[in-house]
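S.K.:
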Amino acid sequence: MNQLVERFIKYVKYPTTSDESSNTCPSTENQIAFGKMLAEECKSIGLKDISIDENGYVMAVLPANCEEDVPVIGFIAHMDTSPDMSGENVNPRIIENYNGKDIVLNEEKNIVLSPNAFPNLTKCIGDTLITTDGTTLLGADDKAGIAEILTAMEYLIHHPEIKHGKICIAFTPDEEIGRGADLFDVKKFGADFAYTIDGGLLGELEYENFNAAQAKITIHGQNVHPGTAKNKMKNAVLIGIQLAQLFPEKEIPAYTEGYEGFYHLNNFNGNVEKVEMVYIIRDFDMENFNKRKDFVKEAIEKMNAIYGDGTIQLELRDQYYNMKEKLEDKMYIVERAFNAMKAVGVEPHIKPIRGGTDGARLSFMGLPCPNIFTGGDNYHGRYEYISVNSMKKAVEVIVKIAQI
39 MNQLVERFIK
49 YVKYPTTSDE
59 SSNTCPSTEN
69 QIAFGKMLAE
79 ECKSIGLKDI
89 SIDENGYVMA
99 VLPANCEEDV
109 PVIGFIAHMD
119 TSPDMSGENV
129 NPRIIENYNG
139 KDIVLNEEKN
149 IVLSPNAFPN
159 LTKCIGDTLI
169 TTDGTTLLGA
179 DDKAGIAEIL
189 TAMEYLIHHP
199 EIKHGKICIA
209 FTPDEEIGRG
219 ADLFDVKKFG
229 ADFAYTIDGG
239 LLGELEYENF
249 NAAQAKITIH
259 GQNVHPGTAK
269 NKMKNAVLIG
279 IQLAQLFPEK
289 EIPAYTEGYE
299 GFYHLNNFNG
309 NVEKVEMVYI
319 IRDFDMENFN
329 KRKDFVKEAI
339 EKMNAIYGDG
349 TIQLELRDQY
359 YNMKEKLEDK
369 MYIVERAFNA
379 MKAVGVEPHI
389 KPIRGGTDGA
399 RLSFMGLPCP
409 NIFTGGDNYH
419 GRYEYISVNS
429 MKKAVEVIVK
439 IAQI
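For the sequence shown, the working numbering gives the first residue as 39, with consecutive numbering after it.
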């Protein structure tokens, strides 16, 4: 467990925030630096066929130690952290034997991680937790997954009595900005199926995710002096507000859960002359997903009918689809993870991902890829934390999945 923690602490101190405004892959140079370090670590623990390509994808192989004809299994995690909050100068804190009470992350700034606000903390009483210092995210999403995969591979190398087939591992860039699978070479990776180690709390096992689209909306206003603006001014800010009010009030993240879809106004920037809005559209059901996209188009058509053609421009693109479509006839892959959890004393909790992973895209690229827990919670923000006990269980699950 000490080695697992040391690995994780080392990783989170590498700043690897991805950048959606960048056109390169990876979107930030720090991810390349982190990838090179991981490639060296793969070499040091004894993995083979190690590579890092020009786009930052790290791959390695643990050769089979058996003669049986068994599937080639993959494990995947991503190297970048979310741009939603700073990943620079991460200063993790270790809380041993958590007592279930408030954790003061930053006394000076009065930042407190409280079970009153985050009740999942009560599931971690008695565990060792790793938290932030309240000024950055932690980066357990998904450096915990990387640490768990490499720790599991090292364990298998040191315990040859555990028989396994060929194991492929990969660490990807830019998952947090939806590009993690863009340049993933499935053929080179060589696995029959894989698991992303990119989930949350202990026991999470996921093979369903949102269908996802992004709507970039540009509103062109007309600015004149407010003293002489009558019948002339067209205020892009007010038009944007009016457009937002057309969307269903309760179909937003704050009011939805489970299999319920939503529209999420993620960005709203601009002035009288020009406004840019970004919506993300999410739904598990493909028919409803398409209806949601049609709603956005129709709403903009209504507004353009009022304010003139071309006032509002829409750039609508699909981001990823529900991997259930590719896994429902291959449920033996999910069952393997389910049985592995049971075998190591973890109660599986099958739930839909209210988001996406590299696995969603990879499943449509020919690599079926459900998602497994890392042990963390509150990703992408200052209240992120992870249970070391759950991380250890994730390692055990990986080892058990690999074992014949």
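Quick reminder that beta carbons are idealized off the backbone N, C-alpha and C, glycines included.
Going by DSSP in three states, VAL150 sits in which element: helix, strand or coil?
M.R.: If DSSP states are grouped into helix, strand and coil, VAL150 belongs with the strands.
S.K.: In whole angstroms, give me the CA-to-CA distance for GLU67 and GLU363.
M.R.: Roughly 35 Å between the two C-alpha positions.
S.K.: Just verifying my parser: in three-state terms, what is the DSSP assignment at GLN441?
M.R.: If DSSP states are grouped into helix, strand and coil, GLN441 belongs with the strands.
S.K.: Please tell me whether THR55 and ARG420 are closer than 8 Å, where the distance is taken between their beta carbons.
M.R.: Not closer than 8 Å, so no.
S.K.: Can you tell me whether PHE46 is helix, strand or coil according to DSSP?
M.R.: DSSP places PHE46 in helix when its eight states are reduced to three.
S.K.: As an exercise, report each continuous alpha helix (DSSP H) stretch of at least 4 residues that is fully enclosed by the stretch 367 to 422, in chain order.
M.R.: Listed in chain order, the complete alpha helix (DSSP H) runs (minimum 4 residues) inside the stretch 367 to 422 are 369 to 381, 396 to 402.
S.K.: Threshold first: 4 residues or longer. Then list the alpha helix (DSSP H) segments lying entirely within the stretch 338 to 370, N to C.
M.R.: Within the stretch 338 to 370, the complete alpha helix (DSSP H) runs of at least 4 residues are 362 to 365.
S.K.: According to the Cβ coordinates, are GLY299 and ASP236 closer than 8 Å?
M.R.: Not closer than 8 Å, so no.
S.K.: How far does the alpha helix (DSSP H) with HIS196 in it reach, from first residue to last?
M.R.: Segment 178 to 196, the alpha helix (DSSP H) holding HIS196.
S.K.: Is it buried or exposed for CYS80, if we count other Cβ within 10 angstroms and need 16 for buried?
M.R.: Answer is buried; the Cβ neighbour count reaches 16.
S.K.: First and last residue of the beta strand (DSSP E) that includes GLU244?
M.R.: First-last of the beta strand (DSSP E) with GLU244: 242 to 244.
S.K.: If we ignore side chains and look at the alpha-carbon of each, how far apart do SER425 and GLU385 end up?
M.R.: The alpha-carbon atoms of SER425 and GLU385 are separated by roughly 16 Å.
S.K.: At the 8 Å Cβ level, is PRO264 part of the contact set with chain C, yes or no?
M.R.: Protein chain content of the structure displayed is limited to a single chain, and chain C is not contained in it.
S.K.: Are ILE195 and THR166 touching if we call contact CB-CB under 8 Å?
M.R.: Their beta carbons are not under 8 Å apart, which means ILE195 does not touch THR166 by this criterion.
S.K.: For THR160, which of helix, strand or coil comes out of DSSP?
M.R.: Looking at THR160 - three-state DSSP - the assignment turns out to be helix.
S.K.: Would the stretch 141 to 148 count as touching the stretch 113 to 123 if we require 3 or more Cβ pairs under 8 Å?
M.R.: No, they do not touch.
S.K.: Could you tell me how far apart the beta carbons of PHE231 and PRO390 are, in whole angstroms, since I believe they sit closer than 8 Å?
M.R.: At roughly 20 Å, the Cβ-Cβ gap does not stay under 8 Å, so PHE231 and PRO390 are not in contact.
S.K.: Unbroken alpha helix (DSSP H) runs of length 4 or more, entirely within the stretch 256 to 302: which are they?
M.R.: Counting whole runs of 4 or more residues, the stretch 256 to 302 contains the alpha helix (DSSP H) stretches 274 to 282.
S.K.: Count the CB pairs spanning the stretch 152 to 166 and the stretch 266 to 281 that are closer than 8 Å, and state whether there are at least three.
M.R.: Output reads no: the stretch 266 to 281 does not touch the stretch 152 to 166.
S.K.: I need the straight-line Cα distance from VAL334 to THR256, nearest angstrom please.
M.R.: Taking the straight line from one Cα to the other gives about 13 Å.
S.K.: Consult DSSP for MET117 and reduce its assignment to one of helix, strand or coil.
M.R.: In the structure shown, MET117 sits in coil (DSSP, three-state: anything other than H, G, I, E or B).
S.K.: Can you tell me which of the three DSSP states ASP332 falls into?
M.R.: DSSP places ASP332 in helix when its eight states are reduced to three.
S.K.: If you count every other CB in all the chains shown that lies within 10 Å of the CB of PRO211, and 16 or more means buried, which is it?
M.R.: Result: buried.
S.K.: Measure the beta-carbon distance from CYS63 to GLY94 and round it to whole angstroms, keeping in mind my assumption that it falls under 8 Å.
M.R.: Confirmed, about 7 Å.
S.K.: Hey, quick one: how far does the alpha helix (DSSP H) through SER124 stretch, first residue to last?
M.R.: No alpha helix (DSSP H) contains SER124, which DSSP labels as neither H nor E.
S.K.: Between which two residues does the beta strand (DSSP E) holding LEU175 run?
M.R.: From DSSP, LEU175 is part of no beta strand (DSSP E); its letter is neither H nor E.
S.K.: So, with DSSP's three-state summary, where would you put LYS225?
M.R.: In the structure shown, LYS225 sits in a helix (DSSP, three-state: H, G or I).
S.K.: I'd like the list of long-range same chain contacts for GLU314, defined as Cβ closer than 6 Å, with 5 residues on each side in sequence excluded.
M.R.: Once the five neighbours on either side are set aside, the close Cβ partners of GLU314 are THR256, ASN307, GLY308.
S.K.: What runs of the beta strand (DSSP E), each 3 residues or longer, lie entirely inside the stretch 70 to 112?
M.R.: The qualifying runs are 86 to 90, 96 to 100.
S.K.: Measuring CB to CB, does ALA253 end up less than 8 Å from TYR317?
M.R.: It is a contact, given that the beta carbons lie within the stated cut-off.
S.K.: Beta strand (DSSP E) containing PHE231: first to last residue?
M.R.: PHE231 -> beta strand (DSSP E) spans 231 to 235.
S.K.: At a cut-off of 7 Å, is GLY164 close to the ligand COA when judged by its beta-carbon and the heavy atoms of the ligand?
M.R.: As far as ligands go, the structure on display features none, and thus does not contain the ligand COA.
S.K.: Quick one: Cα of ALA219 to Cα of ASN247, how far?
M.R.: Approximately 15 Å, taken between the alpha carbons.
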